[in-house]
Amino acid sequence: MREALLAIIERNSRIDIKELAILLGVEEAAVANELADMEAEGIICGYHTLIDWEKTSKEKVTALIEVRVTPQRGQGFDSIAERIYQYPEVQSVYLISGGYDLMVILEGKTLREVSAFVSDKLSTLDSVLSAATHFILKKYKDHGTVLARKKEDEREMITP
1 MREALLAIIE RNSRIDIKEL AILLGVEEAA VANELADMEA EGIICGYHTL IDWEKTSKEK
61 VTALIEVRVT PQRGQGFDSI AERIYQYPEV QSVYLISGGY DLMVILEGKT LREVSAFVSD
121 KLSTLDSVLS AATHFILKKY KDHGTVLARK KEDEREMITP
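In this text, residue positions in the sequence shown follow the UniProt record's numbering: the first is 1, and each later residue adds one.
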């Protein structure tokens with residue numbers, strides 16, 4: 001039941017417990033208890049709302065920053081990752097494979113604000129060797145949800 005429950009709430013975290021119980025074929029109490037257990041175990045880490053900020057008046061810039069670092073003896077990448085994720089503008093930090101070690105996702109109001117973060121805060125950390133910043137220009141799909149839907153042509157076809 002656990003994996004099925006997680007798959008459902010990953011797509012819609014606002015689904016009602018009663019509806020979850022019906023979908024899973026179990027009692028509401030069993031669903032509520034399982035959710036509480038998974039929250040306590042840290043399996044469910046939070047509930048989020050996906051917002052298409054392009055459709056609002058709020059200015060927001062998202063950057064993906066690839067970071068090459070020197071791992072710390074006995075701690076590997078964990079201590080530098082922790083230092084980076086402590087900054088409030090940082091949304092996510094991932095250890096990645098390839099030419100870089102960490103992927104940092106951050107949001108700012110402007111390109112200049114993101115650039116200032118990279119040059120003044122991130123690049124000045126002792127373990128950071130280099131960084132490559134990529135700005136998201138348009139989101140087509142985010143967390144499994146298509147954001148840039150094609151507009152349907154509602155005109156009638158005329159044949160000669």
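Think of the CB as a built atom: it goes at the ideal place given N, C-alpha and C, for glycine as much as any other residue.
Note that the structure is predicted; figures quoted are calculated from it, not measured.
So, at 7 Å on beta carbons, what are the nonlocal neighbours of residue i in its own chain, with the 5 sequence-adjacent residues on each side left out?
{"i": "Y87", "result": "K121"}
For residue i, which residues of its own chain have a beta-carbon under 6 Å away from its beta-carbon, when the five flanking residues on both sides are left out?
{"i": "V114", "result": "V61, A63, G108"}
{"i": "A132", "result": "E66"}
{"i": "S127", "result": "V69, T70, I80"}
{"i": "E156", "result": "none"}
{"i": "K139", "result": "L147"}
Between which two residues does the alpha helix (DSSP H) containing residue i stretch?
{"i": "S115", "result": "111-116"}
On a CA-only basis, which of the options is nearest residue i? Give me that one, please.
{"i": "I43", "options": "K55, E3, I22, T49", "result": "E3"}
{"i": "E89", "options": "N12, V104, E59", "result": "V104"}
{"i": "F77", "options": "Q91, K58, S97, A36", "result": "S97"}
{"i": "residue 165", "options": "Y47, E39, A40, A32", "result": "The chain is shown from 1 up to 160; residue 165 falls before or after that span and cannot be answered."}
What residue does the beta strand (DSSP E) around residue i start on, and which one ends it?
{"i": "Y94", "result": "90-95"}
{"i": "T159", "result": "Unbroken run through T159: none, as it is neither H nor E."}
Run through the UniProt domain "HTH asnC-type" (1-78) for me and flag every whole beta strand (DSSP E) of 3 or more residues, listed as ranges in chain order. 61-69
Below 8 Å, how does it come out for the segment 131-145 and the segment 66-76: are there three or more Cβ pairs, yes or no? yes
Does the segment 45-56 come within contact of the segment 131-150, defined as at least 3 CB pairs closer than 8 Å? yes
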